[in-house]
Each structure stands twice: as structure tokens, then as C-alpha cells.
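A short write-up of the structure that comes next.
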Amino acid sequence: MKSLFLPNTKLSIVSPRVSFGLLLLRLVVGIAFIGHGWGKIHTPFSWMPPEAPVPGFFQGLAALAEFGGGIALIFGALTPIVSLGLICTMAVAAIFHISKGDAYQVWEIALLYLVISIFFFLAGPGKYSVDSFMDDKFRR
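Numbering (my numbering) for the sequence shown: 1007 to 1146.
This is the structure we're talking about:
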């Protein structure tokens, strides 16, 4: 179980080219998550309408996952844990929008971010990340 949450940045399949691609994806997705979480982090426990079925505590977790998770993704820090929070948040968002019957464009982005978060959970941040730097420091 422990190895599931520790990024393995030393995999032979993570070439410099792949790591550069992961870096670009982390930057773009991290900035997007910060943008989505920016308004929520200002009122973390009440950013949804009062009639929303989501308790304030979970709204706060979602705001933290999006805003803080976006920052962490940019740096490639704590990637497995951050990705897990984003997976939960985006799964709930996608299910919520689909069940409401929202237009395709509304739930499509949540589903896309869900899949990208699953990808980062499984693949890790790549060599150009804080996780990789810390891995180098502590595994010597």
C-alpha cells in the first residue's frame, strides 16, 4: 500500500522526452485547476448554492483539492496524494453534472480532468519534479 502513494520517478520507461511531456501537462492542468479553485478557495465552505446536497466540509475539501492541488501539480509535489484528492473531486463533479442533465460541455471538462488525474496517479510526475528531486535525496 505504501508504494502506491510513493511516486517511482526512477522507472526506466520515464525518458527525458516523456518527463518533459509530463511537465508540460502538469503545468497546463495545474494552472487550470488553480483557475477553477480560485473562486472556491475564497469561500471554501459555501461556494455552492445553499440548496446544494454537498456539505460545507466537502466543499472545502474540493476547493483545497483544486486550488492547492493545482499548485502541487505545477511543482510535481506529493503527486500521488494530490492526484487522489483530484480524482475524488472530479469524479463527484462529473457524476453531479451528468445526473443533473447538464449539457455535454459542462460535464466533459470534469470527466477530462478526472482521467488526467488518474493518469498522474498511475504515471507519477516524471523526472522534472519535486517528487523526483526528493526521491534522489532520500534514496541514496
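Even glycine gets a Cβ: it sits at the ideal position worked out from N, Cα and C.
Here DSSP, grouped into helix, strand and coil, assigns residue 1085 to helix.
Three or more pairs of CB atoms, one per stretch, sit closer than 8 Å, so the segment 1034 to 1050 contacts the segment 1070 to 1080.
Here the C-alpha atom of residue 1099 lies approximately 13 Å from the C-alpha atom of residue 1123.
Counting other Cβ atoms within 10 Å of its Cβ, residue 1056 stays below 16 and is therefore classed as exposed. When secondary structure is reduced to three states using DSSP, residue 1051 falls in the coil class, being assigned neither helix nor strand. Bounds of the alpha helix (DSSP H) holding residue 1114 are 1110 to 1129. In the three-state reduction of the DSSP assignment, residue 1058 falls in the coil class. Taking 9 Å as the cut-off, the beta carbon of residue 1131 is found no closer than this to the beta carbon of residue 1092. Here residue 1083 is actually not in contact with residue 1142; their C-beta atoms are around 14 Å apart, not less than 8 Å. The beta carbon of residue 1029 sits closer than 7 Å to those of 1132, 1134, all from its chain and outside the five residues before and after it, given in chain order.
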